[in-house]
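Step one of this worksheet: look at the structure below.
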């Protein structure tokens, strides 16, 4: 399992909605265009494949930031917003 920050800048409302709806199935929205996702490698690859079908790479910008458990433990949040997503202590398949 790895923690990913997924951020995007998509000018088209329709594509932006589709991307947001897809990401809501994989993680938690923490800002308008930023999601926190805790995923095994297989789900991360699946997410990227599904996103590629939705976006226009000549107009849109998506960024994927993988963070280790150690790095994630150093994340700070200021102000209002949802709590930091926690790493799962175990994974049941």
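Residue numbers (our numbering): 933 to 1025.
Glycine included, C-beta positions come from ideal geometry on N, C-alpha and C.
Treat the numbers as computed from the prediction; the structure is a model and nothing was measured.
Does the distance from the CB of residue i to the CB of residue j come in under 8 Å?
{"i": "residue 934", "j": "residue 983", "result": "no"}
{"i": "residue 949", "j": "residue 992", "result": "no"}
{"i": "residue 936", "j": "residue 976", "result": "yes"}
Can you look up residue i in the DSSP assignment and give me helix, strand or coil?
{"i": "residue 942", "result": "coil"}
{"i": "residue 1015", "result": "coil"}
{"i": "residue 1003", "result": "helix"}
For residue i, which option in the options has the closest C-alpha, if you only look at C-alpha atoms?
{"i": "residue 962", "options": "989, 1002, 940, 1001", "result": "940"}
{"i": "residue 998", "options": "968, 989, 988, 974", "result": "968"}
{"i": "residue 938", "options": "952, 1011, 991", "result": "952"}
{"i": "residue 943", "options": "994, 936, 1004", "result": "994"}
If you drop the 5 nearest sequence neighbours on each side, which residues of the same chain put their C-beta closer than 8 Å to that of residue i?
{"i": "residue 1023", "result": "Only weak support is given to the placement of residue 1023: the predicted model assigns it a pLDDT of 47, under 50, and the value that follows is read from those uncertain coordinates. Only 933, 972 meet the Cβ criterion."}
{"i": "residue 1025", "result": "Note that residue 1025 has pLDDT 45, beneath the 50 cutoff, so the model's placement of it is unreliable and the number below is only indicative. The answer is none, since no qualifying residue turns up."}
According to DSSP, which residues form a beta bridge with residue i?
{"i": "residue 937", "result": "968, 997"}
{"i": "residue 984", "result": "In the DSSP output, where bridge partners are listed per residue, residue 984 has none listed."}
{"i": "residue 961", "result": "967"}
Using a Cβ-Cβ cutoff of less than 7 Å, which residues in the same chain neighbour residue i once the five nearest sequence positions on both sides are dropped?
{"i": "residue 1007", "result": "1016"}
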